[in-house]
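Structure record follows, encoded as structure tokens.
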Amino acid sequence: MTRLTGGALRVTILIGESDTWHHKPLYTEIVHRAHTVGLAGASVFRGIEGFGGSSRIHTARLLSLSEDLPVAVVIVDTEDRVRAFLPQLDELVTGGLVVLDDCEVIRYAARENPGRKGEKSL
2 MTRLTGGALR VTILIGESDT WHHKPLYTEI VHRAHTVGLA GASVFRGIEG FGGSSRIHTA
62 RLLSLSEDLP VAVVIVDTED RVRAFLPQLD ELVTGGLVVL DDCEVIRYAA RENPGRKGEK
122 SL
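Residues in the sequence shown are numbered consecutively from 2, following my numbering.
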């Protein structure tokens, strides 16, 4: 397992849920590419309301259902590794927002799964 503590870089990619890359969700492509290059981790968060460059509000409220809710993909790793991944994001994200933030990793550890085949609990 990769050790990651101390100073790091967080990249947040804000896109629409309906954004695609070769007929599959764009957020899926971003996560799979991050995994392929060995980044520490990536998570996708679905928003309940928001607007972006189009200035059109997208919401999950019952009276105004949207098919294009906001999605945030968050990746944290060392600055060098995140910056090396940016050209792939430049290729993939044609509309949306990509933000970099300095951050500090306090703890990065795999979740223990007692009872899974081949794994031992402490």
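The beta carbon of each residue, even a glycine, is placed where N, CA and C say it ideally should be.
If you're wondering where the values come from, they're calculated on a predicted model, not measured in any experiment.
Extent of the continuous alpha helix (DSSP H) run through residue i
{"i": "F86", "result": "E80 to L93"}
Element boundaries [beta strand (DSSP E), containing residue i]
{"i": "I49", "result": "Where I49 is concerned, there is no enclosing beta strand (DSSP E), given that its DSSP letter is neither H nor E."}
{"i": "L15", "result": "G7 to G17"}
Within 8 Å, strictly: CB atoms of residue i and residue j
{"i": "L40", "j": "L101", "result": "no"}
{"i": "A73", "j": "G48", "result": "yes"}
{"i": "G96", "j": "G54", "result": "yes"}
{"i": "G42", "j": "E105", "result": "no"}
{"i": "P71", "j": "L15", "result": "yes"}
Per DSSP, the bridge partner or partners of residue i
{"i": "D103", "result": "L10"}
{"i": "A1", "result": "In this structure the chain extends from 2 to 123, so residue 1 is not present and cannot be described."}
{"i": "A43", "result": "I76"}
{"i": "T21", "result": "P26"}
{"i": "L98", "result": "L15"}
Simplified DSSP state of residue i, which is helix, strand or coil
{"i": "V32", "result": "helix"}
{"i": "L27", "result": "helix"}
Cβ separation of residue i and residue j, assumed to be a contact under 8 Å, to the nearest whole Å
{"i": "V75", "j": "T21", "result": "Not confirmed; about 20 Å, so no contact."}
{"i": "L90", "j": "V99", "result": "6 Å"}
{"i": "L93", "j": "E30", "result": "6 Å"}
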